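For the sequence shown, the working numbering begins at 3 and goes up steadily by one. We put the beta carbon where it would ideally sit given N, CA and C, even for glycine. The model shown is predicted, which means the values in this text are computed figures rather than measured ones. Some notes on the structure that comes next.
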Amino acid sequence: MTTAGLVTLRVPYVELRESGQWLSPVRRAWELEDGNHPLTPEIEERLCVMATATFSYEKAAQVAACWGSPVADDSTIWHHVQRAGERARETEAARVRAVGIPALREEIVSHAARDNGEDFSLLIMMDGWMARERGKDWGLKPAQTKGERVVWREQKTGIVMRTDHRATTQSNRPIVLEKSVVSHQGEWDGLAKKLHAEALRCGAATAREVFVVADGGIWIWNLAAERFSHATELLDFYHASEHLWTVAKALYGEGAPEAKQWVEPLLHELRHDGEAGVLNTLEELSEMLGELDEDRAGTVERNQRYFHEHRDRLHYAEAERRGCPVGSGAMESTCAQLQGRFKRTGQFWSEPGKDNLMALELTMRNGDAKLLWPMAREQH
3 MTTAGLVTLR VPYVELRESG QWLSPVRRAW ELEDGNHPLT PEIEERLCVM
53 ATATFSYEKA AQVAACWGSP VADDSTIWHH VQRAGERARE TEAARVRAVG
103 IPALREEIVS HAARDNGEDF SLLIMMDGWM ARERGKDWGL KPAQTKGERV
153 VWREQKTGIV MRTDHRATTQ SNRPIVLEKS VVSHQGEWDG LAKKLHAEAL
203 RCGAATAREV FVVADGGIWI WNLAAERFSH ATELLDFYHA SEHLWTVAKA
253 LYGEGAPEAK QWVEPLLHEL RHDGEAGVLN TLEELSEMLG ELDEDRAGTV
303 ERNQRYFHEH RDRLHYAEAE RRGCPVGSGA MESTCAQLQG RFKRTGQFWS
353 EPGKDNLMAL ELTMRNGDAK LLWPMAREQH
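Quick look at the structure:
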């Protein structure tokens with residue numbers, strides 16, 4: 003099946019003496035070894051692009067029918083997404099393994115240096131979001147029977163980008179020109195391997211500086227300490243401001259004008275080289291904890307510890323002078339986009355189905371489709 007319609011080929015098969023296996027050199031050269039699903043790479047790539055660009059396999063099939071695809075049913079599209087997704091996961095796993103082999107790692111670093119030049123800084127961000135999967139008791143009947151039909155699992159996600167790959171629109175809205183995305187379901191060390199491999203591919207070994215900007219998640223900073231120990235770490239300013247507002251409300255009450263009067267000067271000070279003064283102000287609150295009830299005092303104490311733990315990640319003005327953004331908006335946007343595809347009403351994923359589509363989605367986002375369909379790209 004081709005973009006021009008059905009083409010019938012008569013090609014020779016040969017038997018390998020060593021294994022007795024029969025194969026067709028023509029089909030292998032054209033990447034058509036799987037005789038059960040005879041689509042050209044061009045059509046498979048188009049179907050997979052539609053599956054990631056739309057929000058369901060059914061919608062992808064509707065779009066395919068509009069451009070006259072000879073394959074326009076959602077089950078066939080699903081099948082080819084699984085095939086391509088498995089290849090994408092194998093490619094990612096090979097990239098992670100290559101980082102652990104000195105000769106291949108050196109080749110990755112050299113290639114990144116050629117692509118990126120010498121004078122650039124790299125930005126790394128991380129966050130997590132939840133996806134809904136079918137539980138071990140999915141489909142259990144009758145409805146009133148208790149069981150684990152649905153489970154929510156965290157998708158730990160990271161992005162890598164150059165700090166100079168940011169711009170603004172005419173309306174002054176910030177945009178990212180190019181970024182790489184990785185994701186992992188499970189413990190943070192799984193994401194660490196993928197993110198480290200992608201960062202090396204993006205030039206982390208030769209970058210002038212590496213920044214890690216994220217919220218206060220413990221696993222994020224553990225990952226940064228293990229894989230990016232020389233990076234400059236920065237707590238997302240929005241999360242820091244939320245915690246200061248939490249303290250203000252604990253001190254003066256929700257909606258009290260005094261809360262706003264207390265917090266706004268501190269936010270300005272924190273944003274413009276005054277982090278030391280903000281930390282001192284928070285420490286001084288210990289003297290008035292006895293005047294608060296137990297819940298409010300506990301809230302203040304928790305946030306005092308929060309800022310103390312992140313005291314070395316609050317240098318916002320200095321980081322901005324060095325070209326680093328003070329917020330993790332690019333990460334939040336990436337998570338929102340992925341949730342728009344993987345967290346829609348009525349979607350309950352099997353783990354392989356989600357993982358294969360996710361691998362394919364990230365392959366598209368990272369500009370690596372040529373690795374899955376080299377023949378189709380050569381035709382272009």
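Looking at the DSSP output, I161 bridges to M127, V183. Bounds of the alpha helix (DSSP H) holding P104 are 104-118. A buried status is given to G205, since no fewer than 16 other beta-carbon atoms sit within 10 Å of its beta-carbon. The beta carbon of L269 is closer than 7 Å to those of S243, L246 in its chain, skipping five residues each way along the sequence. Counting along the chain, R168 sits inside the beta strand (DSSP E) bounded by residues 168-170. Within the same chain, and ignoring the five residues on either side of V152 in sequence, the residues whose Cβ sits closer than 8 Å to its Cβ are R134, E135, R136, G137, W140, F350. Sixteen is the threshold: when 16 or more other Cβ atoms of the shown chains lie within 10 Å of the Cβ of A361, as they do, the residue is buried. Judged by DSSP in its simplified three-state form, P176 adopts strand.
Note that the C-beta distance between R313 and L281 is below 8 Å.
Per DSSP, F213 lies in no alpha helix (DSSP H); the unbroken beta strand (DSSP E) holding it starts and ends at 211-216. Secondary-structure assignment with DSSP links M132 through a beta bridge to E156.
For L225, the uninterrupted alpha helix (DSSP H) segment begins and ends at 220-229. One alpha carbon belongs to C50, the other to S288, and they sit about 58 Å apart. Straight across, the Cα-Cα distance linking D275 with G329 is about 16 Å. Where L316 is concerned, there is no enclosing alpha helix (DSSP H), because DSSP gives it neither an H nor an E. The C-beta of L197 has 16 or more other C-beta atoms within 10 Å across all chains shown, which makes the residue buried. With fewer than 16 neighbouring CB atoms inside 10 Å of its own CB, R346 falls in the exposed class.
The DSSP-derived three-state label of G355 is helix.
Between the segment 55-64 and the segment 77-91, the count of Cβ pairs shorter than 8 Å is three or higher; the stretches touch. V16 is bridged by DSSP to L25. Around E334, the same chain offers D129 as residues with beta carbons nearer than 8 Å, after the five sequence neighbours per side are excluded. By the neighbour-count criterion, in which 16 or more other beta carbons inside 10 Å mark a residue as buried, M127 falls on the buried side. Within the same chain, Y318 come within 6 Å of R273 by CB-CB distance, once the 5 residues on both sides are set aside. Within the same chain, and ignoring the five residues on either side of G219 in sequence, no residue has its Cβ closer than 6 Å to its Cβ. Under the three-pair Cβ rule at 8 Å, the segment 208-215 counts as touching the segment 226-234.
The segment 354-369 and the segment 290-306 do not touch, with fewer than 3 CB-CB distances between them shorter than 8 Å. For T5 and I45, the gap between their C-alpha atoms comes out near 6 Å. Secondary structure within the segment 252-279: the alpha helix (DSSP H) runs of 4 or more consecutive residues, fully enclosed, are 259-273 (chain order).
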